[in-house]
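Residue 1 is where the sequence shown starts when you use UniProt numbering, and the numbers rise one by one after that. Note that the Cβ used here is the ideal one computed from N, Cα and C, for glycine as well. Predicted, not measured: the structure shown is a model, and the values here were computed from it.
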Amino acid sequence: MLLVGVVGCALLAIWSSDLPDRVASHFGADGADGFSSITELIVLTAATAVVGAVIAGVGAFVVKEPVTSRIVTGIGTGTATFVIAVTIWITGRQRGLDDASSATSPVWLTAVCGVGALVLAVAVAFATPVRPVGYGRTAPVGEVPVAHDGQRSWTGTASVGAGGLVTVGAAVAVLCGLGVVMANWYLLGVAVLVAAVGLALTGSIQVSVSEDGFRAASRIGWPVIAMPISEIRRAEVVEVNALRDFGGWGYRVSGRRNLRGAKGFVLRSGQALLVVGDDRREVVVVDGAADAAGVLNALVSR
Numbered sequence: 001m002l003l004v005g006v007v008g009c010a011l012l013a014i015w016s017s018d019l020p021d022r023v024a025s026h027f028g029a030d031g032a033d034g035f036s037s038i039t040e041l042i043v044l045t046a047a048t049a050v051v052g053a054v055i056a057g058v059g060a061f062v063v064k065e066p067v068t069s070r071i072v073t074g075i076g077t078g079t080a081t082f083v084i085a086v087t088i089w090i091t092g093r094q095r096g097l098d099d100a101s102s103a104t105s106p107v108w109l110t111a112v113c114g115v116g117a118l119v120l121a122v123a124v125a126f127a128t129p130v131r132p133v134g135y136g137r138t139a140p141v142g143e144v145p146v147a148h149d150g151q152r153s154w155t156g157t158a159s160v161g162a163g164g165l166v167t168v169g170a171a172v173a174v175l176c177g178l179g180v181v182m183a184n185w186y187l188l189g190v191a192v193l194v195a196a197v198g199l200a201l202t203g204s205i206q207v208s209v210s211e212d213g214f215r216a217a218s219r220i221g222w223p224v225i226a227m228p229i230s231e232i233r234r235a236e237v238v239e240v241n242a243l244r245d246f247g248g249w250g251y252r253v254s255g256r257r258n259l260r261g262a263k264g265f266v267l268r269s270g271q272a273l274l275v276v277g278d279d280r281r282e283v284v285v286v287d288g289a290a291d292a293a294g295v296l297n298a299l300v301s302r
């Protein structure tokens, strides 16, 4: 991250003689509406790199829970990279201009920088070393039932609740409203895409427990959670509040108290099946969570 900042500052310094005295740094609907000196941009780039490196460093070396560690590291890297990339690219386009007010910032430029930053963030997140946390040896945070009827499999369906539907609906409504106000019909297409993809990925989740282990997947097969029976230490039943414990609905990761680091499908609030391995915890809010946990614990005990 610091290397990205150094490269960015170096490019700005090299280009300084070819740039207007005041460089366009912010754009509105009518074009450039905010200007900065090259010194201000260099300071901003350096500060962004340092802040991004600090956040990524905290994620990699301070946060102990592996999922949260990778998320924090990726966010620090990706956000800082995006800001620096947009700043450098927009500034570079102004070389040779006498008046920065004629500068432009096309939408595709921001999109390209966003995609590039996202790719780098994901790469850094997955490259962050995972430290074992020993979930399997910690005290349970919920009930640990065991089935005694010899049942060797269980299946169920987790469906989206009212909160999830409202969230998707609100996102679609906002995009549609912006599309109408801005006369941008692409936003209406994006709204339809958001609704279709959101409901396809998390609208209904198939959950199964068997001698092979635990599996939960959307109807299109992704995202998917799978844990072989050999990696499972126990199953628990926990009461989940989607908004309080996971910050919303969908495929989520918790950052709250005893559930910190647990990830999975939280389509509504209610009883959830929490599957515990040595270094990860997977969760799905589903009817019959106690039955599923009982069957899984019986299989594990065998």
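Taking a C-beta distance under 7 angstroms as the contact criterion, Val240 and Val285 qualify as a contact pair. Leaving aside the five residues that flank Trp15 on each side, the residues in its chain whose CB is nearer than 6 angstroms to its CB run, in chain order, Arg95. The residue from Leu273, Thr48, Pro228 and Leu243 with its alpha-carbon nearest to that of Gly264 is Leu273.
Take the alpha-carbon of Thr73 and the one of Pro66: they are about 11 angstroms apart. Taking a 10 Å sphere around the C-beta of Arg252, we find 16 or more other C-beta atoms and assign the residue as buried. According to the DSSP secondary-structure assignment, His26 is paired through a beta bridge with Gly34. By the neighbour-count criterion, in which 16 or more other beta carbons inside 10 Å mark a residue as buried, Ser101 falls on the exposed side. Trp249: not part of any beta strand (DSSP E); DSSP gives it neither H nor E. Within 10 angstroms of the beta-carbon of Leu3 lie fewer than 16 other beta-carbons, which makes it exposed.
Positions of the alpha helix (DSSP H) runs, each at least 4 residues long and wholly inside the segment 35-76, are given as 38-61 in order along the chain. The three-state secondary structure of Gly221, taken from DSSP, is coil. When the five nearest sequence neighbours on each side are left out, the beta carbons in the same chain lying within less than 6 angstroms of the beta carbon of Thr48 are those of Ala80, Val83 and Ile84, in order along the chain. With a contact defined as Cβ atoms closer than 8 angstroms, Ala147 and Ala298 qualify at about 5 angstroms. The alpha-carbon separation between Leu44 and Ser204 amounts to approximately 45 angstroms. Linking Asp99 to Val23 through their CA atoms gives a straight-line distance of about 8 angstroms. Ala125 carries a helical assignment under DSSP once its states are collapsed to helix, strand and coil. Nearest C-alpha to Glu143 among Val7, Val122, Arg93 and Val275: Val275. DSSP places Gly261 outside both helix and strand once states are collapsed to three, so it counts as coil. For Ala60, same chain residues with a beta-carbon under 6 angstroms away, outside a window of 5 residues either side, are Thr73 and Thr128 in chain order.
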